[in-house]
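Structure first, then comments.
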Amino acid sequence: MATRKANEDGKLYFNAVKQSVNTDHSTIVGWSGTISYKGAQIAIGQQKDIDRPFKGSIDNIRIYNRALSDAEVQQLYTGVDSNTLTVSRTGNGTVTSTPSGINCGPTCSASFAANTAVTLTATPDSTSTFSGWSDTFGECSGTIPVCTVAMSASKTVTATFGGSSPTPTPTPTPTTPPTPPPTPSPTPSTVTNKDFNGDGIGDVLWQNTRTGMVYIYLMNKDGSIQSSGSPATVADLNWKIKDINDYNGDGKSDILWQNTQTGLLYIWFMDGVNIKGSKQVGLVPDNEWQIFK
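For the sequence shown, the working numbering begins at 1023 and goes up steadily by one.
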């Protein structure tokens, strides 16, 4: 098989394997591989300077007005048909395919060989959750984020992503007790020694398990309380403190929260007993994943 177009490279194939490429836009003059070359020219139809007619048989001739790609030549030789899979996406998230081809995001449609099993995986972004699949052929449904489609025909699958999960809302003007409580709450959930004001001395973080109020003791070297205050009250008790660390590199400890129902992660950037900023950082809905300490 030879493919050729004016002002493009000439190409010669044997059994769908490319044997020669000619770049000077003239006759293909040689090749390597499984066939040999004796210097004769090959033509289809009448050509006056060729006096040796082809005495074999040709069972299939196709003429195109463009040069075919190597993949197109291979498909013609093998007779493999393809079908198109299209993903329609609603909401914030990404759908990818195995075998590769779809990354929706940017690429939401791809062709696959007929009857190929294509697995789609839906991944919500940090502000959403996966709500479910839908289609018109009964293969993709439910909220499991993985679906397999048999490419017996061209098909369309819809992936729906839901809205964001709630975030902890700091109290705009938290009420600070005039003096530190003389004794801790009878059932504090967490007591962690960290440095919230960057003075090099560990401080004490409290949370009331009934009200959700967060309270901090800023400590002196001698173990006395330098000052104290409540940055906020988080009334939704599904939010749990998961880690205390310096996440912005300012030398002061910050507080990492996770919602045990939705898996949403949230950081309070601290300055002493005050929240100077906050940020939603991710979504891990699988509760089997735990933060390593």
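Backbone N, C-alpha and C fix where the C-beta goes; we use that ideal spot for every residue, glycine too.
Because the structure is a prediction, the values reported are computed rather than measured.
Legend entry - Presumed contact (8 Å Cβ cut-off) between residue 1182 and residue 1148, rounded CB distance: That belief does not hold up - the Cβ atoms of residue 1182 and residue 1148 are roughly 17 Å apart, past 8 Å.
Legend entry - Cβ separation of residue 1114 and residue 1173, assumed to be a contact under 8 Å, to the nearest whole Å: In fact, because the Cβ distance is near 27 Å, the residues do not count as touching under 8 Å.
Inset, instruction - Leaving out five residues on either side along the sequence, give the residues of the same chain with a beta carbon under 6 Å from the beta carbon of residue 1120. - result: Taken in chain order, the residues that qualify are 1141.
Inset, instruction - Could you tell me if residue 1151 is buried or exposed, where buried requires 16 or more neighbouring beta carbons within 10 angstroms of its beta carbon? - result: Sixteen is the threshold: when 16 or more other Cβ atoms of the shown chains lie within 10 Å of the Cβ of residue 1151, as they do, the residue is buried.
Inset, instruction - Would you kindly work out how many angstroms separate the C-alpha atoms of residue 1161 and residue 1304, rounded to a whole number? - result: Between residue 1161 and residue 1304, the alpha-carbon positions lie close to 30 Å from each other.
Legend entry - residue 1304 (DSSP reduced to helix, strand or coil): Residue 1304 falls in the strand class under three-state DSSP.
Inset, instruction - Rounded to whole angstroms, what's the CA-CA distance from residue 1224 to residue 1241? Just pull it up for me. - result: Each residue's Cα considered, the two are about 7 Å apart.
Legend entry - Local conformation of residue 1253 per DSSP, three classes: In the structure shown, residue 1253 sits in a strand (DSSP, three-state: E or B).
Inset, instruction - Return the CA-CA distance between residue 1256 and residue 1246, expressed in angstroms with no decimal places. - result: Residue 1256 and residue 1246 have their alpha carbons spaced roughly 27 Å apart.
Inset, instruction - Under the assumption that residue 1217 contacts residue 1300 (Cβ atoms under 8 Å), give the Cβ distance between them as a whole number of angstroms. - result: Between residue 1300 and residue 1217 the Cβ distance is about 19 Å, and since that is not below 8 Å, they are no contact.
Inset, instruction - Could you tell me the distance, in whole angstroms, from the CA atom of residue 1156 to the CA atom of residue 1310? - result: Those two C-alpha atoms are separated by around 28 Å.
Legend entry - Inter-residue Cα distance where the pair is residue 1127 and residue 1287: When rounded, the separation of the alpha-carbon atoms in residue 1127 and residue 1287 is 23 Å.
Inset, instruction - Taking all protein chains shown into account, decide if residue 1267 is buried (16 or more other Cβ within 10 angstroms of its Cβ) or exposed. - result: Exposed: under 16 other Cβ atoms inside 10 Å.
Legend entry - Residues near residue 1260 in its chain [Cβ-Cβ closer than 7 Å; skip 5 each side]: 1281, 1282 and 1283, listed in sequence order.
Legend entry - DSSP three-state assignment for residue 1162, whether helix, strand or coil: When DSSP states are grouped into helix, strand and coil, residue 1162 belongs to the coil group.
Legend entry - Straight-line gap, residue 1235 to residue 1263 (C-alpha atoms, nearest Å): It is roughly 12 Å from the alpha-carbon of residue 1235 to the alpha-carbon of residue 1263.
Legend entry - Euclidean distance between Cα positions of residue 1252 and residue 1237: Their Cα atoms are separated by approximately 4 Å.
Inset, instruction - Quick one: grab the DSSP three-state call for residue 1297. - result: Correct three-state label for residue 1297: strand.
Legend entry - Strand pairing of residue 1280, partner residues [DSSP]: Note: residue 1280 sits in a beta bridge opposite 1262 and 1287.
Legend entry - Within 7 Å, strictly: CB atoms of residue 1297 and residue 1265: Using a Cβ distance threshold of 7 Å, residue 1297 and residue 1265 do not count as a contacting pair.
Inset, instruction - With distances taken Cα to Cα, identify the nearest neighbour of residue 1258 among 1248, 1229 and 1110. - result: With distances taken between Cα atoms, residue 1258 lies closest to 1229.
Inset, instruction - Please state whether DSSP places residue 1148 in a helix, a strand or coil. - result: In the three-state DSSP reduction, residue 1148 falls in the coil class, being neither helix nor strand.
Inset, instruction - Could you tell me the distance, in whole angstroms, from the CA atom of residue 1167 to the CA atom of residue 1221? - result: Those two C-alpha atoms are separated by around 47 Å.
Inset, instruction - Figure out for me which residue from 1124, 1289, 1278 and 1290 has the closest Cα to the Cα of residue 1315. - result: Minimum Cα-Cα distance from residue 1315 among the listed residues 1124, 1289, 1278 and 1290 corresponds to 1278.
Legend entry - Proximity below 7 Å, CB of residue 1133 to CB of residue 1108: Note that the C-beta distance between residue 1133 and residue 1108 is not below 7 Å.
Inset, instruction - State the start and end residues of the unbroken beta strand (DSSP E) segment that holds residue 1111. - result: Looking at the DSSP string, the run of the beta strand (DSSP E) that includes residue 1111 is 1104-1112.
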